Amino acid sequence: MERIPLYPTPPKALIETIAPSELDFNCGRCALAAGRKTVVTAEGEAGGLLVVGQGPGRHEDAEGRPNIGKSGQYLRDQLMHRWRGKVVMDNAYRCFGAGEPPADAVAKCRPFLAQTLKEAKPTRVLALGDRAIQSLLGRNVPPLRTRRGYAWLYNDGKPIPIFFLIHPAAGERNRFLRRYFEEDLEWALTAQLPPPPWSAEAKVVATREDAEEAVEDLLSTDWFSFDVEASGQLFNRDYRILCASFAALGRETVWMLEEETLKNREVFEPFRRILTDPDVAKGGSGVKYDENAFAWALDCVVKGIVFDVRLQRKLLEPEGSGYLDDMAELVGMGGHKQEARAQIDEIVKGLNRARAKARARSETEKTQTLMFATETLARLGYNPIPEGADAEAYAYGYLPRDVLLRYNGRDTLVTSKLSALKGIELSRKKPQRRIWEAVVLPAARAIRQVEAWGMPVDRGAVNLYAQYMDLQLGKLRATLKQWGDFSPSSDPQVADLLYNKLGLTSPWQTKGGKPTTEADALEQLRDKHPAVPVLLEHSRFETLRGRCDEWLRNIRDDGRIHTSINLDGARTGRASSSDPNLQSIVRPDPDHPETKMARDCFVAPPGTLFLMLDYKQIEYRMMGWLSGDEEMLKVIRSGVDFHLATAQLISRQMWGIEPGDVKKPHRSIAKTVNFAVGFGMTDETLADLLKCSVEEARKVRQAIYGAYKKLPLYIERCKEIARKDGVAWTYWEGEPARCRPMWRIADEDNYNRSKAENGAFNTAVQGSAAEFCTASLGKIVHAIVEEKLPAELVLPIHDALLFVVPKPFVREIAARAKHEMTSFKGCGDLLEVDIEVGERWGSLEHLEA
DNA sequence: CGATCACGG
DNA sequence: ACGCCGTGATCG
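For what it's worth, the working numbering labels the leading residue of the first sequence as 12, then goes sequentially.
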């Protein structure tokens, strides 16, 4: 069997490749030379720890020694308690300067650090902060997003670990960051790491015999990881799997299958057998993609997915990076994509250049772009790429074979190592393990199917809509011409027109202190000048028009839009949608016909209907459930309109009227305040919204807290937990489930602190609601697939699920989906759903169940 | 590439 | 200065 080493030569840290240089006290290599008193030298005894910090502050500059200021002293104290051996201290750059150091300081100073490294002969290296990591490794690793990351360098042929830590100065002003630093320092000084995997190799499967041997290995441990590299866009006919690789847990041999082998039924058969066997445990990183690659290109539907390291990572560390490049740092394999990345960037440039050339030529010669694109690309050695497609999706096909296979193999190895790490972490954290098993894993299995079904769309309708919008936009721009020659898409130019040329006054400033052009602000100026309503309409139409191109770009060969559903999209646990985002399409508004037209572009296939079920006011129900307030629960269970009931509860106190006399305006006020409470709005903003004084706003809020007495107590409890532990929890079946870091709650900065305080309650509400949506999605797709129900779940929209169902089965599926969405241990009776049906998404009508 | 805006829940 | 969570387009 052909063997391909994943690392033909052991990778080197950048610092090892730099020629060491004796410290130069007259150094003028970067701009820091101008302001320094002295050059801060390294100090300490060789043969133990090497601590690399960022750069000197005032104290260090005054005395020429590293780490003697306040945070330096803290670092020395922390080290003293934990490390009895020798220590050398140095910095990524050695001269003091006010403010941020110049961009080239780290690079210019690197030879001096290389000299320190040579002399220090460390057994362990600590890199404090991103610049220290940058200095040693030459790559950007944000240490807070990559906690417990490490890398390797060599000392006389012996591997020396470099541990990534946040900079101790970050902890100076935040007790949680201080805790993170101290925990990670303890780890960095004591961790025993597995040796670096530089001798790992890929074995290229070519025969049936090879395949049997590979499968035997893959079945010999608890689970295996797999990963696919491809060219083209999934769900298009030109999509090709270039290679796939597989690795058994704990092994450093990766089994590699190339395109021809995958297509060879005889050789692929053993792999197909284990991939489709639900009893063979397996997983990957963002594995829904790899599953769909096998399903689409090889008609091989993977069963038995038990892990996805990306989802596990985001569940365990929501603020950590979920990109494999970054997660590779957690297993000492950082930079594993660099070799291929550099070449892919070049290939993408080439592809885009060729396309640009083709476009330019077709314009001058007034003919079809596509034809020339094909021609030009072919001349340059590329295959045609559809107009509008991302060139990167095709770039992997042009990588040299060995680079591609190494890339794929390393990805699989990183994933395999991560699966062990995350599996252990998950087994140790009970709340996250519960929610993983009950909600996230089932939903992950479901999501790959949802993406495969895809959202039906009427291309003709989109084209017509785009034309209509172009026409309207043309008219609006023509009208705007009378007020000058400016671009209505440019905020600065619009602001200049409104506030300088037309003499209007900006109702408020943007965060950056500039006059605003926001719709809410312009709404206030609507009657002040005839240009304002035209600008408002233009802005709306322009965003709507933009969506058409995005949709058209993303229609695949099966006529559907396969949006990406990201289960790790939001830190509260909500799923997001991207490429394109189908969760933010304008809602039909009777006053603006073009809004309905947008959703009407999505048409159910002949003989089927769209069926939409959405949770009624789920966030208020969560508030009642979480706080346990009896009055709130009574209102929810009674089925009375929640805001009306709230208005009635406070009517005597607020307006001195009987509950029976509560009218629409009262309800509207109650609704606004309920809303404000849910999101932790300040009384000032609430007053703004209600157009009343801050004192009055406070009074309504207090009246509601008086009606629902346990609600303010619960809000305060969320904040207390966040202040004490630096986290906010979502809840599942009455127990904490997902944990979101809230360390900014300890910030001195009022803005960050109050944002985090609001976030603590909001995370519990929004996040716990999300658990129900995600859980029901998992349950329903499972039912559809296993029971072969006639339905497709095509889009989750936070608190709603959209299905495509053959007409005769609509009621049956609606009843079943409703059942799944409202049957949960403990609080199913609190949940209610609305049901709507229609041929077009913009024209749904209520269905009485 | 950050700031600003617009859309959804 | 004060609303949470997202994605995407556009501008400078």
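Ideal Cβ positions, reconstructed from N, Cα and C, are used throughout, including at glycine. Quick caveat, the model's predicted, so the values are computed rather than measured.
- Message: For Tyr762, count the other beta carbons within 10 Å of its own beta carbon; 16 or more makes it buried, fewer makes it exposed. Which is it?
- Response: exposed
- Is Gly778 helix, strand or coil by DSSP? helix
- Any 3 or more C-beta pairs closer than 8 Å across the stretch 804-821 and the stretch 612-620: yes
- Query: Can you tell me the Cα-Cα spacing of Ala181 and Gln520, whole angstroms?
  - Reply: 31 Å
- Same chain, Cβ closer than 7 Å to Pro16, neighbours up to 5 away in sequence not counted: Glu212
- Query: Pairing CB atoms from the stretch 450-463 with CB atoms from the stretch 318-329, are three or more of them under 8 Å?
  - Reply: Yes, the stretch 450-463 is in contact with the stretch 318-329.
- Message: Given a cut-off of 7 Å on the beta-carbon distance, is the pair Leu335 and Val313 in contact?
- Response: no
- Is Pro113 near the ligand GDP, judged by its Cβ being under 6 Å from some heavy atom? Looking for the ligand GDP in the displayed structure turns up nothing, as the structure carries no ligands at all.
- Message: Helix, strand or coil, according to DSSP, for Met382 in the structure here?
- Response: Model confidence at Met382 stands at a pLDDT of 49, short of 50, so the residue's coordinates are unreliable and nothing is read from them.
- If you follow the beta strand (DSSP E) that Tyr239 is part of, which residue opens it and which one closes it? Correcting the residue type first, residue 239 is Val in the shown sequence and not Tyr. Its beta strand (DSSP E) spans residues Phe235 to Ser242.
- Message: Here's the rule: buried if 16 or more other CB atoms are within 10 angstroms of the residue's CB, otherwise exposed. What is Asn102?
- Response: Asn102 should be labelled buried.
- Query: By a C-beta neighbour count over all protein chains shown, 10 Å radius and 16 as the cutoff for buried, is Asp422 buried or exposed?
  - Reply: buried
- Nearest-angstrom Cα separation, counted from Met665 out to Arg678: 12 Å
- Message: Under 8 Å: do the stretch 401-413 and the stretch 238-253 share three or more Cβ pairs, one atom per stretch?
- Response: yes
- Query: Where does Phe18 fall in DSSP's three states?
  - Reply: Contrary to the premise, residue 18 reads as Tyr rather than Phe in this sequence. Coil at Tyr18, not helix or strand.
- Query: For Ala30, which three-state DSSP category applies?
  - Reply: coil
- Message: Quick check on the DSSP output: what are the complete alpha helix (DSSP H) runs of length 4 or more inside the stretch 152-240, in order along the chain?
- Response: For the stretch 152-240, whole alpha helix (DSSP H) runs of length 4 or above, ordered along the chain, are 179-183, 186-201 and 219-229.
- Task: Indicate whether Asp238 and Gly315 have their beta-carbon atoms separated by less than 7 Å.
- Result: no
- Message: Under 8 Å: do the stretch 657-674 and the stretch 737-747 share three or more Cβ pairs, one atom per stretch?
- Response: no
- Query: Do the stretch 216-225 and the stretch 268-286 make contact, defined as three or more Cβ pairs closer than 8 Å?
  - Reply: yes
- Item | Contact set for Arg93: own chain, Cβ-Cβ below 7 Å, skip 5 residues either direction | Leu196, Glu197 and Leu200
- So who's on the other strand from Leu804, going by DSSP bridges? Phe814
- Going along the chain, which residues of its own chain have a beta-carbon closer than 6 Å to the beta-carbon of Glu302, five neighbours each way excluded? Val313 and Arg459
- Check whether the Cβ atoms of Val50 and Cys106 sit closer than 7 Å, and answer yes or no. Yes, the pair counts as a contact, with Cβ atoms nearer than the cut-off.
- Message: To the nearest angstrom, how far is the alpha carbon of Ala581 from that of Ser587?
- Response: C-alpha separation (whole angstroms): 7 Å.
- For Val651, is the classification buried or exposed, using 16 other Cβ atoms within 10 angstroms of its Cβ as the cut-off for buried? exposed
- Write down the C-beta distance between Leu128 and Leu61 rounded to the nearest angstrom, noting that I regard them as a contact closer than 8 Å. 7 Å
- Item | Asp101 - DSSP class collapsed to helix/strand/coil | In this structure, Asp101 counts as strand in the three-state DSSP scheme.
- Task: Locate the alpha helix (DSSP H) running through Ser662, then write down its first and last residues.
- Result: Where Ser662 is concerned, the enclosing alpha helix (DSSP H) stretches over Phe653 to Trp666.
- Task: From the DSSP output, in three-state form, read off Leu245 for me.
- Result: DSSP, read as helix, strand or coil, puts Leu245 in coil.
- Counting along the chain, where does the beta strand (DSSP E) carrying Met267 start and finish? Thr264 to Glu269
- DSSP three-state call for Lys836: helix, strand or coil? coil
- Through-space distance from Leu139 to His178, alpha-carbon basis: Taking the CA atoms as reference points, His178 sits about 5 Å from Leu139.
- With 16 other CB atoms within 10 Å as the buried threshold, where does Asp538 fall? exposed
- Locate the beta strand (DSSP E) running through Met12, then write down its first and last residues. Careful: Met12 lies outside any beta strand (DSSP E) and carries neither H nor E.
- Among Pro616, Ala615, Asp569 and Asn565, which has the Cα closest to the Cα of Asn592? Asn565
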